[in-house]
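Below: one structure, written as structure tokens.
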Amino acid sequence: YHYPAKDELINSLYERYQKALLPLLSAAPEVRDVEDAWFFMHSLFERVWEYRFLYRDLGDLLTRNRRLETDIQAVLELKRQAFRAVLDHLEHTGALSISPEEGDLCATQMVVMLTWWLSYEYARDPRHALEDAQAQNALLRGARHVLGLILPYLQAEPREHLRLLLLAYQDPASAAPAGGQPA
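One rule links them: number in our numbering = place in the sequence shown (from 1) + 169.
Laid out in structure tokens, this is it:
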């Protein structure tokens with residue numbers, strides 16, 4: 170059964186999400202090194218967690234809410250452009266070497282991973298994944314995996330720096346889900 174008031178609530182929450190996300194995405198050109206990239210990524214995942222109701226059942230919400238269906242496409246493109254800007258700026262500083270085609274592919278992969286990370290977390294542990302107690306570890310795992318996509322393109326020194334950052338922020342649960350099997 171479909172409740173019209175539910176659409177109003179979802180639209181209102183989505184507007185808040187956009188207001189929280191857009192200033193963050195506009196900061197992408199300020200990313201100058203892997204530490205900035207880590208902070209940027211972690212900040213994005215904090216917004217994902219804050220608005221996890223959107224991300225957990227995005228497919229279902231899209232089938233039921235026409236406004237969300239049309240607006241989310243623009244947000245996905247803004248995310249892609251932001252990630253592309255991060256890659257471009259890291260390349261400009263000499264930290265990264267990537268072709269335009271690879272940059273476009275990588276930026277899209279980063280968007281896909283960021284957008285559907287919580288669905289992956291939920292599939293790994295449906296009874297606990299979206300509880301507040303899991304937030305920090307879920308965010309760290311997501312940020313680590315998205316930033317891991319740029320490792321092959323980084324020059325030796327920034328690559329090692331990013332590897333150390335990824336190791337420093339690794340949580341014990343990232344190696345295996347609650348069931349004990351590798352992800």
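Note that beta-carbon positions come from the ideal geometry of N, C-alpha and C, so glycine has one too.
Since the model is a prediction, treat every value here as computed from it, not as a measurement.
### Query
How many whole angstroms separate the CB atoms of residue 255 and residue 312, which I take to be in contact at a CB cut-off of 8 Å?
Mapped onto the sequence shown, residue 255 falls at position 86. Mapped onto the sequence shown, residue 312 falls at position 143. At roughly 13 Å, the Cβ-Cβ gap does not stay under 8 Å, so residue 255 and residue 312 are not in contact.
### Task
Tell me whether the beta-carbon of residue 308 lies closer than 9 Å to the beta-carbon of residue 211.
If you number the sequence shown from 1, residue 308 lands on position 139. If you number the sequence shown from 1, residue 211 lands on position 42. Against a cut-off of 9 Å, the Cβ pair of residue 211 and residue 308 comes out as a contact.
### Task
Using 10 angstroms around the beta-carbon of residue 336, count the other beta-carbons present and answer buried if the total reaches 16, otherwise exposed.
The sequence position of residue 336 within the sequence shown is 167, counting from 1. Exposed: under 16 other Cβ atoms inside 10 Å.
### Query
Start and end of the alpha helix (DSSP H) containing residue 217?
Mapped onto the sequence shown, residue 217 falls at position 48. Start and end: 203 to 219.
### Task
Could you tell me if residue 327 is buried or exposed, where buried requires 16 or more neighbouring beta carbons within 10 angstroms of its beta carbon?
Looking up residue 327 in the sequence shown gives position 158. Buried: at least 16 other Cβ atoms inside 10 Å.
### Query
Comparing alpha-carbon positions, which option in 174, 295, 262 and 229 lies nearest residue 200?
Residue 200 sits at position 31 when you count from the first residue of the sequence shown. Among 174, 295, 262 and 229, the Cα nearest to that of residue 200 is on 262.
#### Entry: Inter-stretch contact at 8 Å, needing at least 3 Cβ pairs: the segment 213 to 221 / the segment 187 to 196
yes
### Query
Which word fits residue 174, buried or exposed, when buried means at least 16 other C-beta atoms lie within 10 angstroms of its C-beta?
Indexing the sequence shown from 1 puts residue 174 at position 5. With fewer than 16 other Cβ atoms within 10 Å, it is exposed.
### Closest by C-alpha distance to residue 317, when choosing among 334, 294 and 302
As a first step, residue 317 is located in the sequence shown; it is residue number 148 there, counting from the start. The residue with the shortest Cα to Cα distance from residue 317 is 334.
#### Entry: Where the alpha helix (DSSP H) through residue 291 begins and ends
Counting from 1 along the sequence shown, the entry for residue 291 is found at position 122. Per DSSP, residue 291 belongs to the alpha helix (DSSP H) from 269 to 293.
### Neighbour-count burial assignment, residue 194, 16 or more Cβ in a 10 Å radius
One-based indexing of the sequence shown puts residue 194 at position 25. Flag for residue 194 reads buried.
### Query
Skipping 5 residues on each side, what residues in its chain have a beta carbon closer than 6 Å to that of residue 298?
Taking the sequence shown and counting its residues from 1, one reaches residue 298 at position 129. Excluding sequence neighbours, residue 298 sits near 290 and 291.
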